[in-house]
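Here's the structure we're looking at; comments come further down.
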Amino acid sequence: MFRRAVLSLSTRAIRTPVPCSVARGGASQVRSLAQTTFYLPDPADRSQDVHNRGNLQLSKIVATIGPTSEQEEPLRLVTDAGMRIMRLNFSHATKEEVELRITNLALAQKALQPPGTLEMQDVRALLLDTKGPEIRSGKLAHDESGHATVTLQQGQRIELFNDASRQQQSGSTEQALYIDYPGLHRCLHPSMKVLLDDGAITLTVQSVNVEAATVSCVVDNAGELRSRAGVNLPLADTSDLPAMSDKDKQDIKYGMTMDIDYVAASFVQTAEGVNEIRGYIQQCAQELGWDDSHPLPLIISKIETAGALQHFDAILAASDGIMVARGDLGVEIPLTQVTNAQKEMVAACNAVGKPVIVATQMLESMAKSPRPTRAEVSDVTNAIYDGADCVMLSGETAKGKFPTEAVRTMNEIILAAERYTTSGALGHSYHRPAFVGPKTADSAVAKAAVTASVERDCAAILVLTQHGSLPPLVSAYRPRVPIFAFCPTPKLARQLQVYRGIHPIVDSTLTDGNDCKRPEQAVQEAKDMGLLQSGDEVVVVSMDGTTATMKIAIVS
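With UniProt numbering, letter number 467 in the sequence shown gets 467, and the count goes up by one each step, no holes.
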């Protein structure tokens, strides 16, 4: 018979042997099971205290803003609940909707800004998510309303074609379906799969007629097919797809006129595609008259195809960050492999110090319910354990019934997970960051700052930066406490939001050659904002000319 120890909520950790009586052959044996540690937060722990001031989670929340959250008051509530980056989904949003959301975000930030302080955590960033070079089926014949469907029966044959003139003349039917990918007949081979409507209908390729540019398939499972359904070609080489559609180019240039901070590039296949997008961004900057001092949007490559996984290392090297887009990825590869791929990608990003966002269906049930499922809580928690810089909400905040509750819940999950990891409960190995920085003086100072913050049990790390290179280095070494990054412009502050632990503070008095004389003032300003308290010990990193310096200060 097992006897459970009663846990006292006033203690931080409990180690208790649980006796177990085992009767064998008439004799009773009592053996002690392995000791188990139960972690409970310790309110006297200084690092936990500063961690909770202002809900300063280390990993950030990206929230998609849509019809249910775009108005001023709902957006203010979502922002106040913990959204750090606003995602603008250009697959659905119009320019008018985007402008409304950006305007209302500015109003929300102004409403949340405490009077008489420097701008701080109410600096929120903008992420433009492109539609991407998708593959879609054709419009169904006689579909005047745009809502018609046809039924595909299991076992029936269907021909796929990519002749646009044929589609224009006769449309698509349950016997012949147009696919808007010119390379369709070159990339498919017998026994390969074609997935329609996000995988709802699966086809198996029977034969390919290269001359006629048609593909004969059999339907694996019955389903209703609509016009312009999404098409996935798992394991097919679709690297000849353009990196950007014409719509993507228009959206990126428009987004740059709105001063967006990141471009989330959909359906990235190769490093060459990332470089093409970067070249286009540079071209747009020239056309818009930006000078070299104006930061360009960072490129966050979305990994959502099997082909992107095959070229992941090169894509990572060419990108500023990665988004683990589990929705389409779960259609392209077996669902059982998505979690493994997520962990591998997050670890790879951590190793090179680039930010990574884990996305899709994280709290999906909260689109309809005010409470998440236990599995969703576990999903978000494990993304934090993996090392994600950001976790993302999609439909939960864009069109769900409980956008504020979804952000608040995700914030609470992040804080709980981070308290657990910083407690040491996962073991010492968790706190050894995978990042191996470049052999530079700045990297050495960043590493030393994080080491000092742990050994001295500091409440925070303050970084004074003119150009923004130091805070990401400090973040890459994964400190347990917040990084308050003082920077001269809102643009630079916004672009630092995607990095774990960095809470930017806009200080326009930071100018070239002026970083080194402000550490004491920065500490005082952080105290005035309520981020630090008298007696707190902090690490301050600043620049003296071209040399990074570090000092430990006690808040007076």
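For glycine and all other residues, C-beta sits at the position ideal for the given N, C-alpha and C.
Reference residue i, options the options, closest by Cα
i	options	result
residue 179	379, 191 and 165	165
residue 269	284, 242 and 255	242
residue 147	277, 449, 104 and 229	229
residue 319	340, 275 and 280	275
residue 310	186, 112, 555 and 234	234
residue 194	209, 232, 211 and 227	232
residue 214	247, 162 and 248	162
residue 492	471, 479 and 476	471
residue 222	289, 370, 167 and 154	154
residue 479	489, 486 and 435	435
residue 288	76, 304 and 259	259
residue 460	177, 522, 490 and 200	522
residue 559	487, 199 and 189	Outside the modelled stretch of the chain, which goes from 1 to 556, sits residue 559, for which no answer is possible.
residue 200	330, 134 and 404	330
residue 238	64, 73 and 135	135
residue 534	169, 556 and 528	556
residue 437	370, 349, 457 and 377	349
residue 455	464, 529, 552 and 377	552
residue 285	257, 171 and 530	257
residue 283	57, 190 and 249	249
residue 554	524, 529 and 530	524
Distance, residue j Cα to residue i Cα
i	j	result
residue 569	residue 509	Residue 569 lies beyond the stretch modelled for the chain, which goes from 1 to 556, so this question has no answer here.
residue 384	residue 346	10 Å
residue 94	residue 538	46 Å
residue 100	residue 70	7 Å
residue 536	residue 501	18 Å
residue 14	residue 420	With a pLDDT of 37 at residue 14, under the threshold of 50, the modelled position of that residue is not reliable, and no figure is offered here.
residue 263	residue 127	6 Å
residue 144	residue 224	17 Å
residue 449	residue 395	39 Å
residue 125	residue 474	20 Å
residue 393	residue 61	8 Å
residue 518	residue 452	20 Å
residue 149	residue 366	29 Å
residue 340	residue 207	33 Å
residue 184	residue 247	22 Å
residue 550	residue 186	58 Å
residue 372	residue 548	45 Å
residue 297	residue 182	31 Å
residue 328	residue 210	28 Å
residue 429	residue 313	Low confidence applies here, because residue 429 scores a pLDDT of 47, under 50, leaving its location unreliable; read the following figure in that light. Whole-angstrom Cα-Cα distance: 25 Å.
residue 59	residue 212	52 Å
residue 557	residue 375	Only positions 1 to 556 of the chain appear in this structure, which leaves residue 557 out of reach.
residue 322	residue 379	18 Å
residue 457	residue 422	11 Å
residue 557	residue 104	There is simply no residue 557 to check, as the chain begins at 1 and stops at 556 in what is shown.
residue 97	residue 273	28 Å
Check whether residue i and residue j have beta carbons under 8 Å apart
i	j	result
residue 506	residue 123	yes
residue 325	residue 381	no
residue 261	residue 495	yes
residue 316	residue 343	no
residue 484	residue 503	yes
residue 391	residue 358	yes
residue 557	residue 499	Because residue 557 is not part of the residues shown, which for the chain are 1 to 556, the question remains open.
residue 227	residue 140	yes
residue 130	residue 398	no
residue 151	residue 174	yes
residue 557	residue 300	Any property of residue 557 remains undetermined from this structure, which presents the chain solely from 1 to 556.
residue 137	residue 188	no
residue 281	residue 244	no
residue 526	residue 477	no
residue 267	residue 132	yes
residue 78	residue 403	yes
Contact test: residue i Cβ vs the ligand SAH heavy atom, cutoff 7 Å
i	result
residue 413	The ligand SAH is absent from the structure shown, which contains no ligand whatsoever.
>> Under 8 Å: do the region 405-419 and the region 84-102 share three or more Cβ pairs, one atom per stretch?
In response: With the cut-off at 8 Å, the region 405-419 and the region 84-102 do not touch.
>> What ranges does the alpha helix (DSSP H) occupy inside the region 222-266, keeping only unbroken runs of at least 4 residues that lie completely in it?
In response: With a minimum length of 4 residues, the continuous alpha helix (DSSP H) runs that stay inside the region 222-266 are 246-257.
> Contact between the region 283-301 and the region 330-340: three or more CB pairs below 8 Å?
Replying inline: Not touching, per the Cβ criterion.
> Taking the runs of the beta strand (DSSP E) that are 3 residues or longer, which of them lie wholly in the region 330-413?
Replying inline: The qualifying runs are 356-359 and 390-393.
> Taking one C-beta from the region 89-96 and one from the region 213-224 each time, how about it: are there three or more such pairs within less than 8 Å?
Replying inline: No: the two stretches stay apart, fewer than three of their Cβ pairs being nearer than 8 Å.
>> Suppose only complete runs of 3+ residues qualify. What are the beta strand (DSSP E) ranges in the region 135-170, listed by chain order?
In response: Given a length threshold of 3 residues, each whole run of the beta strand (DSSP E) inside the region 135-170 is given here in chain order: 149-152 and 157-161.
> Is the region 533-550 in contact with the region 439-448, if contact means three or more CB pairs nearer than 8 Å?
Replying inline: The region 533-550 vs the region 439-448: in contact.
> Any contact of the region 157-171 with the region 250-266, i.e. 3+ C-beta pairs under 8 Å?
Replying inline: Judged by Cβ distances under 8 Å, the region 157-171 makes no contact with the region 250-266, as fewer than three pairs qualify.
> For the region 81-125, which segments carrying the beta strand (DSSP E) assignment without a break, of at least 3 residues, lie completely within its bounds, in sequence order?
Replying inline: As summarised for the region 81-125, the continuous beta strand (DSSP E) elements at least 3 residues long and confined to that stretch are 83-89, given in chain order.
> Can you give, in chain order, each stretch of the alpha helix (DSSP H) that sits fully within the region 468-549 and has at least 4 residues?
Replying inline: Those alpha helix (DSSP H) runs which fall completely within the region 468-549 and span 4+ residues are 470-476, 490-495 and 519-528.
>> List, from N- to C-terminal side, the beta strand (DSSP E) runs of 3 residues or more that fit wholly inside the region 194-218.
In response: Segments of the beta strand (DSSP E) lying fully in the region 194-218: 201-209.
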